[in-house]
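Here the protein sequences come in this chain order: A and B.
As numbered in numbering that gives the first Met the number 0, residues 0 to 194 make up the first sequence, in order.
As numbered in numbering that gives the first Met the number 0, residues 0 to 457 make up the second sequence, in order.
Where is the CB? At the ideal position from N, CA and C, for every residue including glycine.
These figures come from a predicted structure and were not determined experimentally.
Here is the structure we will look at.
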Amino acid sequence: MAIEFSPQAAQRIRDICQRYPNTQAACLPVLHLAQDEFGHLSDDVLAAVATQLKLPKAHVFGVATFYTMYHRKPVGKHVLMMCTNVSCMLRGGYETLRKLEERLGIKSGQTTADGEFTLIEEECLAACADAPAMICGERYFLNLGPGKVDEALAECRKMPSSHVPHGRHLATAVTAPLSPQAQAQLQAQAQVKKA
Amino acid sequence: MPADRNTKIVTRLFGVANSNRLDVAAQHGAYSQLSVALGMQPMAIVDEVKKSNLRGRGGAGFPTGTKWSFIPKGAETVYLVCNADESEPGTCKDRELIFWDPHLLIEGMIIASYALGCRHAYIYIRGEMMREVVVLQRAVDEAYGKGYLGSELRTASGPFKLDLTVHRGAGAYICGEETSLLNSLEGKRGWPRLKPPFPAVKGLFGKPTIVNNVETLMNVPWIIENGGPRFAELGTARSGGTRMLCMSGHLNKPGVFELPMGIPLRDVIYDVCGGVPGNKKVKAVIPGGSSMPPLDAEELDIPMEFDALANDPRIKPVMVRPGQVFELAPGKPLRTMAGSGGVVVMDEDTDIVAVTARIMRFYAHESCGQCTPCREGTGWLARICSRLADGYGQPGDLELLASIAYGIAGNTICPLGEAAAWPMLGFLTKFRADFEKKAASGKPAPAGAYSTSHEAHQ
Chain A
0 MAIEFSPQAA QRIRDICQRY PNTQAACLPV LHLAQDEFGH LSDDVLAAVA
50 TQLKLPKAHV FGVATFYTMY HRKPVGKHVL MMCTNVSCML RGGYETLRKL
100 EERLGIKSGQ TTADGEFTLI EEECLAACAD APAMICGERY FLNLGPGKVD
150 EALAECRKMP SSHVPHGRHL ATAVTAPLSP QAQAQLQAQA QVKKA
Chain B
0 MPADRNTKIV TRLFGVANSN RLDVAAQHGA YSQLSVALGM QPMAIVDEVK
50 KSNLRGRGGA GFPTGTKWSF IPKGAETVYL VCNADESEPG TCKDRELIFW
100 DPHLLIEGMI IASYALGCRH AYIYIRGEMM REVVVLQRAV DEAYGKGYLG
150 SELRTASGPF KLDLTVHRGA GAYICGEETS LLNSLEGKRG WPRLKPPFPA
200 VKGLFGKPTI VNNVETLMNV PWIIENGGPR FAELGTARSG GTRMLCMSGH
250 LNKPGVFELP MGIPLRDVIY DVCGGVPGNK KVKAVIPGGS SMPPLDAEEL
300 DIPMEFDALA NDPRIKPVMV RPGQVFELAP GKPLRTMAGS GGVVVMDEDT
350 DIVAVTARIM RFYAHESCGQ CTPCREGTGW LARICSRLAD GYGQPGDLEL
400 LASIAYGIAG NTICPLGEAA AWPMLGFLTK FRADFEKKAA SGKPAPAGAY
450 STSHEAHQ
């Protein structure tokens, strides 16, 4: 089934393309946008991206399968990325991951039956000083020991989907508005006193 | 005057509420150096940066001014790319820097672009940093709104207009390597390129390109304000300024700190970070991100600075095998390196083999697959280390690990090969007894458990 971008998304793609000397360079941002638009990058979505950017389908497929953040299969409403790399491992990252698996009833890499959560064992999230760390969309869960898993999951359940709103921000359109969710979070985060 | 622990160049706004908003940042002097810099001739800025001894903060520590001077004279199109693809395990400074002070980065990039003759600069930010993408894009929008970006500015060498685009990555450690980053920015898979040609000659879209780290560029406005020589005086003989250290692992007070260049590691661990929980002893320290060979408990008095970490004779050389030193060049042993400033501290109870296995699994996962020694070798290292860590060590495993690692190093297009091989050999050199103990087990592994790349590539 052929897939088409909404007129709004098509306009955004044109805006994105203006930031680069050729359409190929827009491949990553447009794939992000397509994922936000359609939830995941099915073969049909990749074909639509190729058409929009006038690129060979094989090129778009090659790019989409190289990067780990492009989902080729449907993912949950909230994508949990739990780090277990060395700094997190030393401070209980694996214990937290096991707890998440236990609470969600899935293994890392899987999606819950109700479609709420996808759990991913992530590589370093650059939050090593606050290990163990997990991110869900724009929200960081820091110093996330196994004892704080239930609280974190409860908070995630209340949040809007972790991956859909981002199309608004990533694509360089000047003076793009922030989502109210992002604004509230940024304000809260800015209050946090850091070392 | 050398920096003290209160000298803050890039972290002045850490902890200030709403510091990433332009109105707040402006109260703290954001963009105040822009008019000063634009009143200078571009070459004068490059000279000032040369005099500052500013060295690249991403990992290699290459002198920034020298890098800038590699741009061919008369080049019509030049690109400046900020590498914000921070993903070296143990490193968490750029994410914090972008969050607290994105306008300092933008100011640094406008000044650098003017100096280099760049008209469109890009920030390649790591895909996972969604919060920082939002913060940075909003800051860029604010700078456009104020006319710092996208509008013609008057300068000592005529009108100058800069566009700045935030380009979000999509999950690939390899894209922190500069040529891979450029391919990714061009919309391709993140495969590194052979060098030469270096990016300064043939980089983004085939044009001369400078790739600089976030922290590197954020130091530029201070250099304009205070002059290169003063920046140089803050640091050590050949490394100017301060240094961001990302302190993680077994510490009472982990954190991201801007510290004097060359501060002894022991002071950082015990003074700045309050020592090790439970008063345990330190067993190992990764000094600059997980691709750097570790230090052991006898090597904590080393100054945290590029040259010392590479050359200080108190750091035992990494060995290929007992009796054979790993040499970077004839007569130059590999000790370790300052890398990206990611310091990971491990206490005396740490299972070093398990840590090594986790690190090797990371590199196996992140190998881009272009070069056979790295694609295959990192997987072998990960599987053998995992098997050892799980209690199924076999006699001969140590020699096998060393020979695989030695076979990767120097035989790949980009340094990801070394990034796996160096810590492998480093941990084997300094914690050999831990590995020997595991190898002595001799217990056969369950059939098939370690025979595929499943563990490494899951």
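Contact set between residue i and chain A, taken where Cβ atoms lie within less than 7 Å
i        : result
Tyr172/B : Glu122
Leu216/B : Residues of chain A passing the Cβ test: none, with the nearest at roughly 17 Å.
Ser289/B : Val85
Ser150/B : Those do not exist, as Ser150/B stays about 12 Å from chain A at its closest Cβ, beyond 7 Å.
His27/B  : Simply none; closest approach about 14 Å.
Ser238/B : Chain A residues near Ser238/B: none, gap ~23 Å exceeds 7 Å.
Identity of the residue in the options nearest residue i by Cα
i        : options                                : result
Arg54/B  : Ile358/B, Asn212/B, Ser290/B, Thr349/B : Asn212/B
Ser385/B : Ala444/B, Glu297/B, Arg94/B            : Ala444/B
Ala446/B : Gly376/B, Lys436/B, Tyr391/B, Ala43/B  : Tyr391/B
Ile44/B  : Leu115/B, Arg20/B, Ala16/B             : Leu115/B
Pro286/B : Gly340/B, Met318/B, Ile314/B, Leu233/B : Gly340/B
Arg4/B   : Tyr123/B, Leu258/B, Leu135/B, Glu224/B : Leu258/B
Lys429/B : Asn410/B, Asn278/B, Glu297/B, Leu193/B : Glu297/B
Met260/B : Gly239/B, Leu216/B, Asn278/B           : Gly239/B
Gly144/A : Lys98/A, Cys127/A, Glu154/A, Cys135/A  : Lys98/A
Thr67/A  : Gly168/B, Trp190/B, Ala418/B           : Gly168/B
Gly189/B : Ala199/B, Glu176/B, Phe197/B, Asp396/B : Glu176/B
Ala283/B : Ala24/B, His249/B, Leu380/B            : His249/B
Met246/B : Glu232/B, Asp266/B, Trp67/B, Gly234/B  : Asp266/B
Ile105/B : Ser86/B, Gln136/B, Arg130/B, Ile268/B  : Gln136/B
Val281/B : Gly144/B, Gly57/B, Tyr269/B            : Tyr269/B
Phe204/B : Ile222/B, Thr335/B, Gly28/B, Leu180/B  : Leu180/B
Contacts of residue i in chain B (Cβ-Cβ under 7 Å)
i        : result
Ser86/A  : Pro88, Gly89, Ser247, Gly248, Val343
Pro20/A  : Phe204
Glu137/A : Met129, Arg130, Val133
Distance CB(residue i)-CB(residue j) smaller than 7 Å
i        : j        : result
Gly60/B  : Val343/B : no
Ser161/A : Val44/A  : no
Phe256/B : Leu244/B : yes
Val48/A  : Ala25/A  : no
Asn310/B : Pro276/B : no
Arg90/A  : Pro131/A : yes
Ala74/B  : Pro207/B : yes
Gly170/B : Gly126/B : yes
Ala420/B : Ile412/B : no
Met0/B   : Glu232/B : yes
Residue i, buried or exposed, once every other Cβ within 10 Å from all chains shown has been counted against 16
i        : result
Thr241/B : buried
Asn52/B  : buried
Thr349/B : buried
Ala125/A : buried
Lys437/B : buried
Ser289/B : buried
Thr178/B : buried
Lys106/A : exposed
Pro73/A  : exposed
Ala8/A   : buried
Pro422/B : buried
Val35/B  : exposed
Ser31/B  : exposed
Ala120/B : buried
Phe69/B  : exposed
7 Å Cβ shell around residue i - same chain, five flanking residues per side excluded
i        : result
Leu103/A : Thr111, Phe116, Leu118
Tyr69/A  : Leu30, Gln34, Leu40, Ala63
Asp433/B : Ile351, Val352
Ile403/B : Gly376, Trp379, Leu380
Chain B contact residues for residue i, given Cβ-Cβ distances below 8 Å
i       : result
Leu30/A : Ala169
Val62/A : Gly186, Lys187, Arg188
Cys26/A : Gly186, Lys187
Listed by chain order, chain A residues near residue i by CB distance under 9 Å
i        : result
Ser112/B : Going along chain A, no residue has its Cβ under 9 Å from Ser112/B, so there is no contact; the nearest lies around 15 Å.
Leu397/B : Near Leu397/B there are no residues of chain A at all, since even the closest Cβ is about 21 Å away, more than 9 Å.
Arg94/B  : Leu124, Ala125, Ala126
Pro253/B : Ser86, Arg90, Cys127, Ala128, Asp129, Ala130, Ala194
Val354/B : Val85, Met88, Leu89
Neighbourhood of residue i by C-beta, 8 Å cutoff - its chain only, sequence neighbours within 5 removed
i        : result
Ile301/B : Pro263, Leu264, Pro286, Leu294, Ala307, Leu308, Asp311, Arg313, Ile314
Close-in-space but distant-in-sequence residues of the same chain around residue i (CB under 6 Å, 5 per side omitted)
i        : result
Thr171/A : Low per-residue confidence applies at Thr171/A: pLDDT is 40, beneath 50, and the placement is therefore not dependable, though the value from the model is reported in the following sentence. Answer for Thr171/A: Arg18, listed in chain order.
Ile12/A  : Val29, Gln51
Gly166/A : Residue confidence for Gly166/A is low, a pLDDT of 41 falling below 50, so the modelled location carries little weight and cannot support an answer.
Tyr405/B : Val319
Partners in chain B for residue i, counting only beta-carbon separations shorter than 9 Å
i       : result
Cys16/A : Near Cys16/A there are no residues of chain B at all, since even the closest Cβ is about 11 Å away, more than 9 Å.
Interface residues of chain A facing residue i [CB-CB closer than 8 Å]
i        : result
Arg357/B : Thr83, Asn84, Val85, Met88
Min CB distance residue i to chain E below 7 Å
i       : result
Thr67/A : Of the chains in the structure shown, none is chain E; the protein chains are A and B.
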